[in-house]
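Engineer: The following block contains the structure, expressed as structure tokens.
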Amino acid sequence: MYKNESKITEDGFGVHTFELTIPSITKDEFERIAMTAENTYIGNDGNSIFIYPERRGIRFFLNHSENHFYNIKAIVSPRRLIDENSQPMDILRAYDDFDRLESLINQFIIECLGNEYSIDSFKLSRLDFCVNIMLSESFSAERYVKLLKRSMKYNSCAEIFEFSEKDTDSDEKNKHSFRIRTGDMTFTAYDKYFQLENIGESFDKISEAFLRLEIAINRDFIRSIEQTYMEKPDNIEIVSTLTSCSERFFKEFVRHNFFEGDYYDINAMKFLIASSNIKQKAKSTMLDYADVQCRKQSHLSAKKHMSKTLGSKSKLKKMYSNFDTLKVYPISVSYRDKHGCKPVSGLYRIMDI
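In terms of our numbering, the sequence shown opens at residue 3 and continues consecutively.
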């Protein structure tokens, strides 16, 4: 079992899940599929029918609305589909067999929906990039989720999702996960072991703690990629291309949404600032900011406070640049943190950016 501070799993960067959608079908077609499909379940809302083939890794949803719109969605967990011995943590890699993946998807589409359907009857409507990070017990996935939530560089337009109070154990679930939508992408960080235990899924632990990061891209983003092709690509071709680009995509996302540097407690942060070669006036600004951010719940609120204090975007940018120079993340480990004062590696170090 892995016991060091942090390391990406052997799978590296890849894809965990993708969604295929047929936006509109007729009522007659909806009823035909619902009547002939096996292993079906009615959703709690009474408007959805779930179809679960015997093999893991793919499931279908027939949906209809009060306005009499009907559609079909397929949710594919590709690694689980092509490898029956895979673990729930495993992800699709760029070197996996995409021809076999396409063949299996088509097999179950025909089996569940009928001979007139194939993977290219659908539109690729969502895809989740993924990377798994093994952590030590002292690192704690819950601790890292909290750090990412406080330190991500999102703006006021971003939408943060939390589990509703109606959800069982919502407080615990919110402690172990963080999800935010920015534009056409949704970023999620969560404690994978906690999630698997919560849903009663069996698995083999490969490290003391386990953090999963996902970036979901939506149909608008996927369409923009499809438009770069000379001819309309097959869905499996898009999935293959995106999987091979997953590392580059993740690193670009991290560069855009997180600062360089590692996390320190407030005392270590202020010591590193004070003992640096940065000019005294700039040090004073950074030390003032260090005190401010310690009292804020997020980087956004600390940034807003400091922006008013400095009165200049260029001064704020220069201050953050100085933190990058020191390789110190401008958000400290919470003073209530129970894991000690040891520095915590930032995403730049973990992903070798």
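No residue lacks a Cβ here, since even glycine has one placed at the ideal position from N, Cα and C.
This one's a predicted model, so the numbers in the text were calculated from it and none came from an experiment.
Could you pull out every residue in the same chain whose Cβ sits closer than 6 Å to the Cβ of R102, ignoring the five residues on either side in sequence?
Structural biologist: Counted from its first residue, the sequence shown places residue 102 at position 100. Excluding positions up to five away in sequence, the list reads I84.
Engineer: Quick one: Cα of D222 to Cα of G185, how far?
Structural biologist: Counted from its first residue, the sequence shown places residue 222 at position 220. Counted from its first residue, the sequence shown places residue 185 at position 183. Distance between the alpha carbons of D222 and G185: 10 Å.
Engineer: Does DSSP classify T190 as helix, strand or coil?
Structural biologist: What you label residue 190 is simply residue 188 of the sequence shown in a count that begins at 1. Of the three classes helix, strand and coil, the one that applies to T190 here is strand, per DSSP.
Engineer: Quick check on DSSP: helix, strand or coil for M136?
Structural biologist: In the sequence shown, residue 136 corresponds to position 134, counting from 1. Strand at M136.
Engineer: Which class does H18 belong to by DSSP, given the choice of helix, strand or coil?
Structural biologist: If you number the sequence shown from 1, residue 18 lands on position 16. Strand at H18.
Engineer: Taking only the alpha-carbon atoms, compute the straight-line gap between T287 and I355 and give it to the nearest angstrom.
Structural biologist: Locating residue 287 in the sequence shown gives position 285, counting from the first residue. Locating residue 355 in the sequence shown gives position 353, counting from the first residue. The alpha-carbon atoms of T287 and I355 are separated by roughly 27 Å.
Engineer: Indicate the three-state DSSP secondary structure (helix, strand or coil) for N65 in the structure shown.
Structural biologist: Against the sequence shown, residue 65 aligns to sequence position 63. Residue state, collapsed to three classes: strand.
Engineer: Let me check understanding here. Comparing Cα to Cα, which of Y72, P90, V346 lies closest to P80?
Structural biologist: On the sequence shown, position 78 is the one that residue 80 refers to. Per the Cα distances, P90.
Engineer: Under the rule that 16 or more other beta-carbon atoms within 10 Å means buried, what is T170, buried or exposed?
Structural biologist: Locating residue 170 in the sequence shown gives position 168, where the first residue counts as 1. So T170 ends up on the exposed side.
Engineer: Excluding the 5 residues preceding and the 5 following I93 in the sequence, name in chain order all residues of the same chain whose CB lies nearer than 6 Å to its CB.
Structural biologist: As a first step, residue 93 is located in the sequence shown; it is residue number 91 there, counting from the start. Taken in chain order, the residues that qualify are D13, G16, H18, R81, C132.
Engineer: Applying the 10 Å Cβ sphere with the 16-neighbour rule, what's the burial state of I295?
Structural biologist: Position 293 of the sequence shown, counted from the start, is the residue given in the question as residue 295. This sequence places Gln at residue 295; Ile is not what is there. Flag for Q295 reads buried.
Engineer: Is the number of C-beta pairs between the stretch 208-225 and the stretch 114-129 that are closer than 8 Å three or more?
Structural biologist: Yes, the stretch 208-225 touches the stretch 114-129.
Engineer: Could you round the C-beta distance between S26 and N73 to whole angstroms and report it? I think they count as a contact, below 8 Å.
Structural biologist: If you number the sequence shown from 1, residue 26 lands on position 24. If you number the sequence shown from 1, residue 73 lands on position 71. Between N73 and S26 the Cβ distance is about 6 Å, and since that is below 8 Å, they are a contact.
Engineer: What do you get for M154, buried or exposed, if any count of 16 or more other CB atoms within 10 angstroms of its CB means buried?
Structural biologist: To locate residue 154, count along the sequence shown from 1; it is residue 152. Looking at its Cβ environment, which holds 16 or more other Cβ atoms inside 10 Å, M154 is buried.
Engineer: Using the Cα positions of K5 and R34, report the straight-line distance between them to the nearest angstrom.
Structural biologist: The count along the sequence shown starts at 1 and reaches residue 5 at position 3. The count along the sequence shown starts at 1 and reaches residue 34 at position 32. Its pLDDT being 45, under 50, K5 is placed unreliably in this model, and the value from its coordinates should be taken loosely. Answer to the nearest angstrom: the Cα atoms are 53 Å apart.
Engineer: CA-CA distance, S158 and R181?
Structural biologist: Here residue 158 refers to the residue found at position 156 of the sequence shown. Here residue 181 refers to the residue found at position 179 of the sequence shown. About 15 Å.
Engineer: Distance, Cα to Cα, N279 vs A76?
Structural biologist: Looking up residue 279 in the sequence shown gives position 277. Looking up residue 76 in the sequence shown gives position 74. Near 57 Å, if we compare the C-alpha coordinates of A76 and N279.
Engineer: With DSSP as the reference, label P235 as helix, strand or coil.
Structural biologist: For the purposes of this step, residue 235 is taken as the residue at position 233 of the sequence shown. DSSP places P235 in coil when its eight states are reduced to three.
Engineer: To the nearest angstrom, how far is the alpha carbon of M3 from that of A96?
Structural biologist: By 1-based counting over the sequence shown, the position of residue 3 is 1. By 1-based counting over the sequence shown, the position of residue 96 is 94. Bear in mind that a pLDDT of 43 at M3, under 50, signals an unreliable position, so the model cannot answer this.
Engineer: In its own chain, which residues sit with a C-beta less than 6 Å from the C-beta of P345, not counting the 5 before and 5 after it?
Structural biologist: For the purposes of this step, residue 345 is identified with residue 343 of the sequence shown, where counting begins at 1. Hits under 6 Å: D264, Y266.
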